[in-house]
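*Asks:* Shown below is the structure under consideration.
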Amino acid sequence: MAAPIFLPSPTFTTYRTVSSALAYSILIFSLFGLKRRTLLESVFLAFKKCFRTIQASLNLNSRCWLRTQKPKLLLYMVPATPTPTVSSRQFMFKLYSAVNSLETHVSTHQDKVASGVSSQNGFHRSKTLFDKASDSSDGMSDFERQLQELFNEVKTLITMGNEKDAVDLLQANYEAVKEQMNDGSKGIEEAAILDVIALGYMAVGEFKSVRSLLDAISEVIDDLNNDEPLLDSILVHMGSMYSNLGEFEKSLPVNERATDILENRHGKNSVVLVTPLLGIAKVLSSTGKAAKAVDIYHRVIRILELNRGVETEDLVVPLFGLGSLLIKEGKVTGAENSFIRLVRIPFILFRLWVFCSFFTSYFSFFRILNIYTKLYGQNDGRVGLAMCSLAHAMCAKLWFIVPHFFTGNANEAIDLYKKALQIIKDSSYMPLDDSMMENMRIDLAELLHVVGRGREGRELLEECLLITEKRKGKDDPSLVTHYLNLAASYSQSKDFVTAERLLRTSLEIMKRADGPENPSITFPMLHLAVTLYHLKQDEEAEKIALEALHIRKKAFGKDSLPVGEALDCLVSIQSRLGKGEAELLEQLERVLKIQEREFGSESEEVMVTLNKVVFYLDKLGKKDEKFALQKKLSRLQMKYKQSVCY
0 MAAPIFLPSP
10 TFTTYRTVSS
20 ALAYSILIFS
30 LFGLKRRTLL
40 ESVFLAFKKC
50 FRTIQASLNL
60 NSRCWLRTQK
70 PKLLLYMVPA
80 TPTPTVSSRQ
90 FMFKLYSAVN
100 SLETHVSTHQ
110 DKVASGVSSQ
120 NGFHRSKTLF
130 DKASDSSDGM
140 SDFERQLQEL
150 FNEVKTLITM
160 GNEKDAVDLL
170 QANYEAVKEQ
180 MNDGSKGIEE
190 AAILDVIALG
200 YMAVGEFKSV
210 RSLLDAISEV
220 IDDLNNDEPL
230 LDSILVHMGS
240 MYSNLGEFEK
250 SLPVNERATD
260 ILENRHGKNS
270 VVLVTPLLGI
280 AKVLSSTGKA
290 AKAVDIYHRV
300 IRILELNRGV
310 ETEDLVVPLF
320 GLGSLLIKEG
330 KVTGAENSFI
340 RLVRIPFILF
350 RLWVFCSFFT
360 SYFSFFRILN
370 IYTKLYGQND
380 GRVGLAMCSL
390 AHAMCAKLWF
400 IVPHFFTGNA
410 NEAIDLYKKA
420 LQIIKDSSYM
430 PLDDSMMENM
440 RIDLAELLHV
450 VGRGREGREL
460 LEECLLITEK
470 RKGKDDPSLV
480 THYLNLAASY
490 SQSKDFVTAE
500 RLLRTSLEIM
510 KRADGPENPS
520 ITFPMLHLAV
530 TLYHLKQDEE
540 AEKIALEALH
550 IRKKAFGKDS
560 LPVGEALDCL
570 VSIQSRLGKG
580 EAELLEQLER
590 VLKIQEREFG
600 SESEEVMVTL
610 NKVVFYLDKL
620 GKKDEKFALQ
630 KKLSRLQMKY
640 KQSVCY
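Taken in order, the sequence shown gives residues 0 to 645; the numbers are from numbering that gives the first Met the number 0.
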């Protein structure tokens, strides 16, 4: 019962070229943390240039755009992602979090640059789009400028912290366009305005409003022909918003429709396809269709290499996505083992497939490192970030392919991690208390523990704790993660006394922040129960485990996976207290049913619990029941023994 290691299109060709490049550059800049001021200045200059190019081509007819010639929206806002509460996200650390933390960092920076368009002064918030359009005499360019001004005003309000005023402004414009639609106007222009409003609501986190707006846009555009000049941009925005809302089944078809439109206009190798194709790849990756996602990423890479060369910075996003996906998919799960056994593929061949995936992943991150080194020099912060990703790729797979070489390669990865962190620190690329820096330190600490260098790992974990404590104070809930990680480290080193102190501190902080009945506190409670078990304080360990079990039953239901985890912990404690064997067997059988439902009957978790069940059946003299389960246990043990041997 040792505590686990860390939890943790163009109607206007010039416009399309500029806007597509701009949209994609926003993703690239945000991915590796281009500072906000620089990014906003870059976007501002790009839009100024774009506006000068197309302004003469625009024309307006009162409240509607001319059907014969319509402008493209100059809005490539990357939507915000829903932010979980502290209690729901604090304890989700997994071994090697570098790639995941980078993805989180992408979302954070995308939020910051979501409104990266040129600023227009003199816009009066009290006016709606239709109010201004009705007074216009300058032609079609005024309407497009009004769309941009609305977005700029919302951006400014959000930046200044006036989210309520931003929502009021969005709502006023929504009421105006709704009135127009009720009067029978349901065309591309209404869809474009709703699109801008939805992007605004996404930026302020009003996700319920975003969903209803997306439904309204869908109702309008479903009946429109694909030759509408604004449609591709709207579809790309919709795909991104659906994806960030987790509605992948809706994101995929709109991105596919956008891709079809752009392919028909520009051909299958045009760079304007990159944004919707990346949207498709993200959806496929998130829905378990890794092979198709890999094909899409390779297509994006080929398009960019063909149009912009093999060393363009634009390659960073698809290379990063491809490398991250292959790392994730290279892990062998129980389901994959079952598949191998079912189709009788020799395990060594499967390992060869994993090696190929690993090599492709490694090569992707290596290319990113080379691109950034050539563009910015060896001491740039972006080079440091690329090094961290490469270090992650070096050690995340090799232990599986050739385990006896793992330690040596892990030490190389550790050296690369350390060099990367030093580069980021020396270049002042990001502050020491940045969440991404924190995740990379935890990555390195985890790796140090894996290779037996726990003392060095603890030093990094203590550094994380001190930095967070200095920035947020000694009672902030965000400290809990660091206390838990440190407690896990001390537990691994058999220093259970120190681990107990850290766990009690984390538990007190969580109780003050979330209350004594919040299910999130059961995580440190169970860890404390395990630690007390190792300290031979079984009575208190049982009391805490029972309390955690009660909270989880109330929160998740008696047959939930969290309840099964608490029951498993409780059984181990009560067995040493001399509880009745029949009662312990009954609890273990409950755990087994939960695990079979959640993990599958062939999973390793089931094998471990099945071993305990067979043990108690033997002690109780239930030979017939034991014989049936023993056969299954022997088969599972042989299966996982073969996996380890290979």
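Yeah, the Cβ is synthetic: ideal placement off N, Cα and C, and Gly gets one too.
1. Any contact of the stretch 202-211 with the stretch 176-184, i.e. 3+ C-beta pairs under 8 Å?
2. Should S242 be labelled buried (16 or more other beta-carbon atoms within 10 Å of its own) or exposed?
3. I'd like to know if the stretch 282-291 and the stretch 259-269 are in contact, where contact means that at least 3 CB-CB pairs between them fall below 8 Å.
4. Would you decide whether N438 is buried or exposed? Buried here means 16 or more other CB atoms lie within 10 Å of its CB.
5. Nearest to S323 by alpha carbon, out of E455, Y173, M393?
6. Here's the rule: buried if 16 or more other CB atoms are within 10 angstroms of the residue's CB, otherwise exposed. What is P317?
7. Just reading off the alpha helix (DSSP H) that S232 is part of, what are its end residues?
8. Using only the alpha-carbon positions, how far apart do I367 and E455 sit?
9. Which residue marks the beginning of the alpha helix (DSSP H) containing L431, and which one marks its end?
10. Assuming contact is defined by CB atoms lying nearer than 8 Å, are L609 and L635 in contact in what I supplied?
11. Within a Cβ cutoff of 8 Å, which residues of the same chain sit near V612, ignoring the five residues on either side of it in sequence?
12. Measure the C-alpha to C-alpha separation of L303 and K267 and round it to an integer number of angstroms.
13. Using 8 Å as the Cβ pair cut-off and three pairs as the minimum, do the stretch 558-572 and the stretch 540-550 touch?
14. Let's see if you can read the secondary structure: which residues bound the alpha helix (DSSP H) around Q536?
15. With H, G and I counted as helix, E and B as strand and the rest as coil, what does DSSP make of Q377?
16. With M509 as the anchor, note down where its alpha helix (DSSP H) starts and where it stops.
17. Does the distance between the C-beta of L560 and the nearest non-hydrogen atom of the ligand NAP fall short of 7 Å?
18. Do you know offhand how far S434's Cα is from K625's?
19. Write down the C-beta distance between I196 and N224 rounded to the nearest angstrom, noting that I regard them as a contact closer than 8 Å.
20. V309: buried (16+ other C-beta within 10 angstroms of its C-beta) or exposed?
21. What are the start and end residues of the alpha helix (DSSP H) that includes R457?
22. Can the beta-carbon of I543 be found closer than 8 Å to that of M524?
23. Using three-state DSSP, classify P523 as helix, strand or coil.
24. Near E595, which residues of its chain fall below 6 Å by C-beta distance, leaving aside the five closest residues on each side in sequence?
25. Please return the same chain residues whose Cβ sits closer than 7 Å to the Cβ of Q573, not counting the five positions on each side in sequence.
26. Let's test the definition: count the other Cβ atoms within 10 Å of the Cβ of V496 and tell me whether it reaches 16, buried, or not, exposed.
27. Give me, in chain order, the residues of the same chain whose beta-carbon lies closer than 8 Å to that of K471; leave out the 5 immediate sequence neighbours on both sides.
28. From I370 to Y428, what distance separates their C-alpha atoms?
29. For a test of the three-state rule: what should DSSP assign to P476, helix, strand or coil?
30. Give me the Cβ distance between Y532 and T504, rounded to the nearest whole Å; I'm assuming they're in contact under 8 Å.
31. Using DSSP with H/G/I as helix, E/B as strand and the rest coil, what is E246?
32. Hey, S239 and G278 are a contact pair by Cβ (cut 8 Å); roughly how many whole angstroms apart?
33. By a C-beta neighbour count over all protein chains shown, 10 Å radius and 16 as the cutoff for buried, is S211 buried or exposed?
34. Considering only the beta carbon of each residue, do L389 and I413 sit closer than 8 Å?
35. Identify the continuous alpha helix (DSSP H) that holds N181 and give its terminal residues.
36. Counting along the chain, where does the alpha helix (DSSP H) carrying T608 start and finish?
*Replies:* Based on what the coordinates show:
1. no
2. By 1-based counting over the sequence shown, the position of residue 242 is 243. A buried status is given to S242, since no fewer than 16 other beta-carbon atoms sit within 10 Å of its beta-carbon.
3. Judged by Cβ distances under 8 Å, the stretch 282-291 makes no contact with the stretch 259-269, as fewer than three pairs qualify.
4. In the sequence shown, residue 438 corresponds to position 439, counting from 1. Looking at its Cβ environment, which holds 16 or more other Cβ atoms inside 10 Å, N438 is buried.
5. By one-based count along the sequence shown, residue 323 stands at place 324. Taking S323 as reference, the option from E455, Y173, M393 with the minimal CA-CA separation is M393.
6. Counting from 1 along the sequence shown, the entry for residue 317 is found at position 318. Buried, by the Cβ-count rule.
7. Along the sequence shown, read from residue 1 onward, the residue named residue 232 stands at position 233. Looking at the DSSP string, the run of the alpha helix (DSSP H) that includes S232 is 230-243.
8. Taking the first residue of the sequence shown as 1, we reach residue 367 at position 368. Taking the first residue of the sequence shown as 1, we reach residue 455 at position 456. In a straight line, the C-alpha of I367 is about 29 Å away from that of E455.
9. Along the sequence shown, one-based indexing puts residue 431 at 432. L431 -> no alpha helix (DSSP H), and no H or E assigned at all.
10. As a working note, residue 609 is residue 610 in the sequence shown. As a working note, residue 635 is residue 636 in the sequence shown. Going by C-beta atoms, L609 is nearer than 8 Å to L635.
11. For the purposes of this step, residue 612 is taken as residue 613 along the sequence shown, with counting starting at 1. Answer for V612: L584, L587, E588, L591, L628, listed in chain order.
12. Numbered from 1 along the sequence shown, position 304 holds the residue referred to as residue 303. Numbered from 1 along the sequence shown, position 268 holds the residue referred to as residue 267. So the alpha carbons of these two residues sit roughly 12 Å apart.
13. yes
14. Position 537 of the sequence shown, counting from 1, holds the residue named residue 536. Neither: Q536 is in no alpha helix (DSSP H) and is coded neither H nor E.
15. Position 378 of the sequence shown, counted from the first residue, corresponds to residue 377. Three-state result, Q377: coil.
16. As a first step, residue 509 must be located in the sequence shown, where it is residue number 510. Per DSSP, M509 belongs to the alpha helix (DSSP H) from 495-513.
17. Summarising the ligand content, the structure contains no ligands, and the ligand NAP is consequently not present.
18. Taking the first residue of the sequence shown as 1, we reach residue 434 at position 435. Taking the first residue of the sequence shown as 1, we reach residue 625 at position 626. So the two alpha carbons sit approximately 51 Å from each other.
19. By 1-based counting over the sequence shown, the position of residue 196 is 197. By 1-based counting over the sequence shown, the position of residue 224 is 225. Rounded, the Cβ-Cβ distance is 23 Å, inconsistent with contact.
20. Stepping through the sequence shown from its first residue, residue 309 is reached at position 310. V309 should be labelled exposed.
21. One-based indexing of the sequence shown puts residue 457 at position 458. That run of the alpha helix (DSSP H) goes 453-471.
22. Along the sequence shown, read from residue 1 onward, the residue named residue 543 stands at position 544. Along the sequence shown, read from residue 1 onward, the residue named residue 524 stands at position 525. Yes.
23. As a working mapping, residue 523 is identified with position 524 in the sequence shown. DSSP places P523 in helix when its eight states are reduced to three.
24. Within the sequence shown, numbered from 1, the residue matching residue 595 stands at position 596. V605, listed in sequence order.
25. Position 574 of the sequence shown, counted from the first residue, corresponds to residue 573. The answer, listed in chain order, is E541, L583.
26. Counting from one through the sequence shown, the residue named residue 496 turns up at place 497. Exposed, by the Cβ-count rule.
27. For the purposes of this step, residue 471 is taken as the residue at position 472 of the sequence shown. Closer than 8 Å at the Cβ level, and outside the excluded window around K471, lie S477, L478.
28. As a first step, residue 370 is located in the sequence shown; it is residue number 371 there, counting from the start. As a first step, residue 428 is located in the sequence shown; it is residue number 429 there, counting from the start. I370 and Y428: Cα-Cα distance of roughly 18 Å.
29. By 1-based counting over the sequence shown, the position of residue 476 is 477. Reduced to three states, the DSSP call for P476 is coil.
30. Stepping through the sequence shown from its first residue, residue 532 is reached at position 533. Stepping through the sequence shown from its first residue, residue 504 is reached at position 505. 19 Å between Cβ atoms; not a contact.
31. In the sequence shown, the residue the question calls residue 246 occupies position 247. Correct three-state label for E246: coil.
32. Your numbering for residue 239 matches position 240 in the sequence shown. Your numbering for residue 278 matches position 279 in the sequence shown. The pair is a contact, with the Cβ atoms about 6 Å apart (cut-off 8 Å).
33. Translated into the one-based positions of the sequence shown, residue 211 becomes position 212. Counting Cβ neighbours within 10 Å, S211 comes out exposed, since fewer than 16 surround it.
34. One-based indexing of the sequence shown puts residue 389 at position 390. One-based indexing of the sequence shown puts residue 413 at position 414. No; because the gap between Cβ atoms is not below 8 Å, this pair is not in contact.
35. In the sequence shown, counting from the first residue as 1, residue 181 sits at position 182. Taken as a continuous stretch (DSSP letters only), the alpha helix (DSSP H) holding N181 covers 162-181.
36. Start at 1 with the first residue of the sequence shown, and residue 608 comes out as number 609. In the DSSP assignment, T608 falls within the unbroken alpha helix (DSSP H) covering 603-618.
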